[in-house]
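What follows is a set of notes on a single structure, which appears directly below.
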Amino acid sequence: MMRVCNLDTCPVGVATQNPLLRAKFCGKPEYVENFMKFIAQDLREWMAKIGVKTVNGLIGHVEKLVPRRAEHWKAAGVDLTDLLYQPKICSNDNERYCTLKQDHRLENSIDVNALVRLCGPAIKDGKKINSSLKITNINRVVGTILSSEITRVYGAKGLPDDTINLTFEGSAGQSFGAFQTHGVTMKLVGDSNDYIGKGLSGGKIIVVPPEDSPFDATENVIIGNVAFYGAVHGEAYINGMAGERFCVRNSGITAVIEGVGQHGCEYMTGGKVAILGKTGRNFGAGMSGGIAYVYNMGGDFESRCNKGLVLIEAVESEEDKNDLKTMIENHLKYTGSKRAEYLLNNWEEEVKNFVKVIPETYKAVVEEIKKCKETGMTDEESNMKAFAEVTGTAYIQPERSVIHNG
Numbered sequence: 001m002m003r004v005c006n007l008d009t010c011p012v013g014v015a016t017q018n019p020l021l022r023a024k025f026c027g028k029p030e031y032v033e034n035f036m037k038f039i040a041q042d043l044r045e046w047m048a049k050i051g052v053k054t055v056n057g058l059i060g061h062v063e064k065l066v067p068r069r070a071e072h073w074k075a076a077g078v079d080l081t082d083l084l085y086q087p088k089i090c091s092n093d094n095e096r097y098c099t100l101k102q103d104h105r106l107e108n109s110i111d112v113n114a115l116v117r118l119c120g121p122a123i124k125d126g127k128k129i130n131s132s133l134k135i136t137n138i139n140r141v142v143g144t145i146l147s148s149e150i151t152r153v154y155g156a157k158g159l160p161d162d163t164i165n166l167t168f169e170g171s172a173g174q175s176f177g178a179f180q181t182h183g184v185t186m187k188l189v190g191d192s193n194d195y196i197g198k199g200l201s202g203g204k205i206i207v208v209p210p211e212d213s214p215f216d217a218t219e220n221v222i223i224g225n226v227a228f229y230g231a232v233h234g235e236a237y238i239n240g241m242a243g244e245r246f247c248v249r250n251s252g253i254t255a256v257i258e259g260v261g262q263h264g265c266e267y268m269t270g271g272k273v274a275i276l277g278k279t280g281r282n283f284g285a286g287m288s289g290g291i292a293y294v295y296n297m298g299g300d301f302e303s304r305c306n307k308g309l310v311l312i313e314a315v316e317s318e319e320d321k322n323d324l325k326t327m328i329e330n331h332l333k334y335t336g337s338k339r340a341e342y343l344l345n346n347w348e349e350e351v352k353n354f355v356k357v358i359p360e361t362y363k364a365v366v367e368e369i370k371k372c373k374e375t376g377m378t379d380e381e382s383n384m385k386a387f388a389e390v391t392g393t394a395y396i397q398p399e400r401s402v403i404h405n406g
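Mapping of the sequence shown onto the numbering used here: residues 1 to 406, in sequence order.
Next comes the structure, spelled out in C-alpha cells:
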C-alpha cells in the first residue's frame with residue numbers, strides 16, 4: 001500500500017533489513033508457516049472430495065472442472081471451451097505433467113560460447129575489451145551469464161565503467177542485457193525483442209538503427225514491450241521508439257528514448273526518464289517515484305497521462321534544465337540521434353516544450369530530504385526523517401557510531 005518497498009523505509013517493518021524498522025513488525029515467521037499448513041490441509045480436503053490422492057493426479061484433468069455461470073457483465077460473455085479442451089496427447093496420464101527435464105542448451109548460448117571466453121581478461125585482470133558480434137532473435141538473455149561471472153568475482157560493484165564494450169549487429173531476442181552489471185556496455189545496431197535491459201544492474205545499453213536505415217527513429221519501434229522492467233541502476237539510450245510499458249517498475253536507471261507506447265513508466269519507483277517524442281495513453285499509472293521528462297510538442301500530453309499519483313509541471317528550475325540537457329547530450333553522444341541534435345541546437349526554445357512528471361508524494365519527500373540535509377543529517381537519517389514527515393509515521397533516529405579517541 002505504501003509503494004516504498006525499494007526505499008528501505010517500510011513503516012511496518014516487512015520490506016527491510018534495517019533492525020530499527022524490523023522492530024516494528026508485529027508478526028512471526030511461524031504465522032506464515034501455519035498459514036501454508038492450513039492451505040495444504042484445505043487442498044487435501046478438496047482432493048479427497050474428488051477422489052485424487054496426489055497433486056500429479058490433478059494436473060491436466062480438466063474434466064473435473066465445471067465453469068460457473070458468470071453474473072458480472074464483463075465475464076458473462078467469456079467462453080472457456082478452448083481453455084478446457086482435452087487434447088488427445090493426454091490419453092496417457094503420464095503425459096499430463098512434467099516427466100522429462102528440460103534442456104535449455106545453455107552451453108550453446110552466445111554468453112558461454114563467446115562472451116565469457118572473450119571477456120575473460122577483463123574478469124580476471126580488468127583489461128579493457130572491445131568487440132563486435134552478430135546476433136539473431138533466437139539469442140535470448142544475451143549478456144546475463146557474462147554479468148553473472150563478473151558478479152561472482154567482484155560482487156555488486158562489478159567492473160569500472162566501460163571496461164567491456166560489446167557491439168551487436170542484428171535482431172536481438174528477448175531480455176537482451178538482462179541484469180547487466182557495472183562495467184559492461186552493450187550496443188545493439190538493429191532492433192530488440194521484449195524485456196531488453198530487464199533488471200539492469202549498473203550496465204549501459206545503447207540501441208541504434210543501422211546507418212543505412214531509411215526510417216525516422218521518432219516514428220518507428222526499435223525495442224519491444226516491457227523494456228527495462230525492474231531496472232535498478234545503469235543507463236539506456238534508445239534511438240527509436242519502445243513498445244508498451246517502457247520502464248515499468250524502473251527504480252533507478254537513467255533512460256532516454258525517442259517515443260513510447262502505452263503505459264509508459266508504469267509503477268516506476270525511481271530513476272529518470274527522458275522521452276523525446278510521442279507517448280501512448282495511461283502514462284505514469286501507479287508511478288510512485290522517479291522523474292520523467294516528456295517532450296510535449298503537441299501540447300496534449302496531459303490527456304494521455306494517468307494523474308492518479310503524479311503532477312505535471314513545467315521544466316523551469318535550472319537544476320531540471322541542466323539535468324534534462326545532460327541526458328539529451330549523452331543520448332546524442334551515444335546514438336547520434338537527429339532529434340537530440342535538433343533539441344540541443346534549439347535548446348532555449350525547445351526546453352519550453354518539455355514537461356516534468358513527478359509523483360506528488362515523491363516530490364514532497366525529495367523536498368523534505370533537502371531540508372533535513374541542510375540541518376547536517378546523514379543520507380540515511382534524512383531519508384528516514386523525510387519519509388516519516390510526509391507519511392505521518394513514527395521516526396526512529398538511527399544510532400550513530402561513536403569513535404573513541406585513544
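The beta carbon of each residue, even a glycine, is placed where N, CA and C say it ideally should be.
By the neighbour-count definition (other C-beta atoms within 10 Å, threshold 16), Arg249 is a buried residue. Here Gln102 is exposed. Its C-beta has fewer than 16 other C-beta atoms within 10 Å.
Remark: C-beta atoms of Val142 and Phe176 approach each other more closely than 7 Å. In this structure, Val184 sits near Gly203, with a CB-CB distance shorter than 7 Å. The residue from Thr81, Glu71, Cys5 and Ala76 with its alpha-carbon nearest to that of Glu63 is Thr81. Taking all protein chains in view, the Cβ of Glu318 is surrounded by fewer than 16 other Cβ atoms within 10 Å, so the residue is classified as exposed. Membership of Pro121 in the alpha helix (DSSP H) is indicated by the continuous run Gly120 to Asp125. If only complete runs of 4 or more residues are kept, the region 71 to 151 shows the alpha helix (DSSP H) at 120 to 125, in order along the chain. Secondary structure of Asp161 (DSSP, three-state): coil. DSSP, reduced to helix, strand and coil, places His61 outside both helices and strands of the structure shown, so it counts as coil. Spatial neighbours of Lys127 in its own chain (CB-CB distance under 7 Å, excluding positions within 5 residues in sequence) are listed in chain order as Pro121.
Closest in alpha carbon position to Val208, among Asn239, Tyr195, Glu302 and Asp216, is Asn239. Between Arg304 and Thr279, the C-beta spacing is below 7 Å. Around the Cβ of Pro160, a 10 Å sphere holds fewer than 16 other Cβ atoms; the residue is exposed. Under the three-state reduction of DSSP, Ile39 is assigned to helix.
Per the Cβ contact rule, the region 290 to 310 is in contact with the region 250 to 267 (3 or more Cβ pairs under 8 Å).
In the displayed model, Ala15 falls within coil according to three-state DSSP, outside both helix and strand. Taking the CA atoms as reference points, Asn137 sits about 31 Å from Arg96. Residues of the same chain with a CB within less than 6 Å of the CB of Arg281, apart from the 5 flanking positions on each side, are Gln262 and Arg304 in chain order. Approximately 18 Å separates the beta-carbon atoms of Leu311 and Lys352; this is outside 8 Å, ruling out the contact. The alpha helix (DSSP H) runs lying completely inside the region 316 to 344 and spanning 4 residues or more are 318 to 335, given in chain order. Excluding its 5 nearest sequence neighbours in each direction, Glu329 has C-beta neighbours in its own chain below 8 Å: Ala340 and Leu344, listed in chain order.
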